[in-house]
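Engineer: This structure is in structure tokens; I'll ask about it shortly.
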Amino acid sequence: MASRPVKAAKTNAAACLPEGMADVCMLLKTRRAARTVTRRYNALLKPFGLQSTQVSLLAAIAKGGFESVSDLAETMALERSAMLRNLKPLEQAGLIACPQGGQGRAQKFALTRKGEALLVKLVPLWQKAQDELRDALGDKAWRAAQRGLAALGSLA
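Position one of the sequence shown corresponds to residue 583 (our numbering), numbered consecutively onward.
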């Protein structure tokens with residue numbers, strides 16, 4: 583026999599929720615903001631067939647300063663397995679390569695010439711997305727968002 587749905591207002595769970603919980607939920611607000619920002623960047627990148635996460639990864643690889651895939655994953659705040667999944671399509675597209683031929687944890691990727699040329703084309707799009715968001719928010723809110731996001735990121 584199927585159970586009947588219970589109206590939320592009559593459940594104990596609904597009764598224990600703080601008033602306006604969704605209005606102040608940090609998780610909900612940061613996820614919504616992240617989706618909004620990601621969509622803005624991805625719309626500009628669509629003609630290149632890349633996602634914003636891939637461009638961020640290309641930029642991190644170009645900047646360097648990491649000794650392994652694990653080190654790069656930590657820099658990008660990703661699990662190592664997720665990093666490997668993100669690297670694979672970039673490598674298959676010929677945008678990155680492992681010049682020393684390292685295996686496993688010793689792998690260290692670098693941009694190929696093709697990857698470097700593409701990143702040079704993508705930087706103005708990144709700047710355009712940044713400028714659009716800054717204009718939409720205004721300078722004061724932009725600076726506050728930058729400070730707030732940096733503070734949240736430092737809690738990790």
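Even for Gly, the Cβ is constructed at its ideal location relative to N, Cα and C.
Remember, predicted model here, so these are calculated numbers, not experimental data.
Ignoring anything shorter than 4 residues or poking outside the stretch 656-695, list the alpha helix (DSSP H) runs there in chain order.
Structural biologist: The qualifying runs are 662-674.
Engineer: In terms of residue numbering, what span does the alpha helix (DSSP H) encompassing Q633 cover?
Structural biologist: Along the sequence shown, read from residue 1 onward, the residue named residue 633 stands at position 51. Run containing Q633: none; DSSP gives neither H nor E here.
Engineer: Keeping to the same chain, check which residues put their C-beta closer than 7 Å to that of L626; ignore five residues upstream and five downstream.
Structural biologist: If you number the sequence shown from 1, residue 626 lands on position 44. The residues are L707, K710, A711.
Engineer: Quick check on S650: does DSSP put it in helix, strand or coil?
Structural biologist: For the purposes of this step, residue 650 is taken as the residue at position 68 of the sequence shown. Reduced to three states, the DSSP call for S650 is coil.
Engineer: In chain order, what residues of the same chain have a beta carbon less than 6 Å from the beta carbon of A692, not counting five sequence neighbours either side?
Structural biologist: Numbered from its first residue, the sequence shown carries residue 692 at position 110. Once the five neighbours on either side are set aside, the close Cβ partners of A692 are P681.
Engineer: On the CB-based measure, 16 or more other CB atoms within 10 Å of its CB, does M608 come out buried or exposed?
Structural biologist: Position 26 of the sequence shown, counted from the start, is the residue given in the question as residue 608. When all chains shown are included, M608 counts as exposed.
Engineer: Check whether the Cβ atoms of N624 and S638 sit closer than 7 Å, and answer yes or no.
Structural biologist: Along the sequence shown, one-based indexing puts residue 624 at 42. Along the sequence shown, one-based indexing puts residue 638 at 56. Cβ distance not < 7 Å, so N624 and S638 don't count as in contact.
Engineer: State the CB to CB distance for the pair L701 and L640, rounded to an integer number of angstroms; the pair is presumed to be in contact (CB under 8 Å).
Structural biologist: Residue 701 sits at position 119 when you count from the first residue of the sequence shown. Residue 640 sits at position 58 when you count from the first residue of the sequence shown. About 5 Å separates the two Cβ atoms, so the contact holds.
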